[in-house]
Every structure is written in C-alpha cells, then in structure tokens.
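Structure first, commentary second.
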Amino acid sequence: KSRGWSYLAITDHSKAVTVANGLDAERLAEQIDEIDALNEELEGITVLKSCEVDILADGSL
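Under this note's numbering, the residue at position 39 of the sequence shown is numbered 42, and the numbers go up by one with no gaps.
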C-alpha cells in the first residue's frame, strides 16, 4: 500500500508440482479463505488469488 499499489497477487502451484510443495485441494481452500479474510480487513488494496494448475497426460487437472 505504501508503494501506491491497489492490488497484489498471491499465486501457488498445484499438488502436481511436488518439488515446489504444491497445494492440495485442502491447503488451497485454506489459502483462499485466508486471502478472503484479508480482503475483508484491508482498505485501499486488494489481494488477488491464483493457482497454477497442470493439465496432466490424461487430461485431468
């Protein structure tokens, strides 16, 4: 906020990226809830959320 930013993004890897300790569905849901709570408290800046999802060989995510 002190830098004049109006938003920032928190991104992470999905569980397929084990070397990066990617998030499973439960950990991703927890992170989303935490970011939503932050956005309720913060004024003048919005925290965006994202997850890099791999498309696996069988077409699943």
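Quick reminder that beta carbons are idealized off the backbone N, C-alpha and C, glycines included.
State the Cα-Cα distance for the pair residue i and residue j, rounded to the nearest angstrom.
i	j	result
Ser9	Ile35	19 Å
Gly47	Lys4	7 Å
Ile38	Ala60	31 Å
Should residue i go down as buried or exposed, given a rule of 16 or more other Cβ atoms within 10 Å for buried?
i	result
Leu11	exposed
According to DSSP, is residue i helix, strand or coil?
i	result
Ala60	coil
Asp15	strand
Leu45	coil
Tell me, to the nearest whole angstrom, how far the beta carbon of residue i is from that of residue j; I am working on the premise that it is less than 8 Å.
i	j	result
Cys54	Asp15	6 Å
Val50	Ile13	6 Å
Ala19	Gly25	6 Å
So, does the CB of residue i fall closer than 8 Å to a CB anywhere in chain C?
i	result
Trp8	Among the chains of the structure shown, chain C does not appear; only one protein chain is present.
Starting from the C-beta of residue i, find all residues in its chain whose C-beta is less than 8 Å away, skip the five residues before and the five after it, and write them out in chain order.
i	result
Leu64	Ser17, Val56, Asp57 and Ile58
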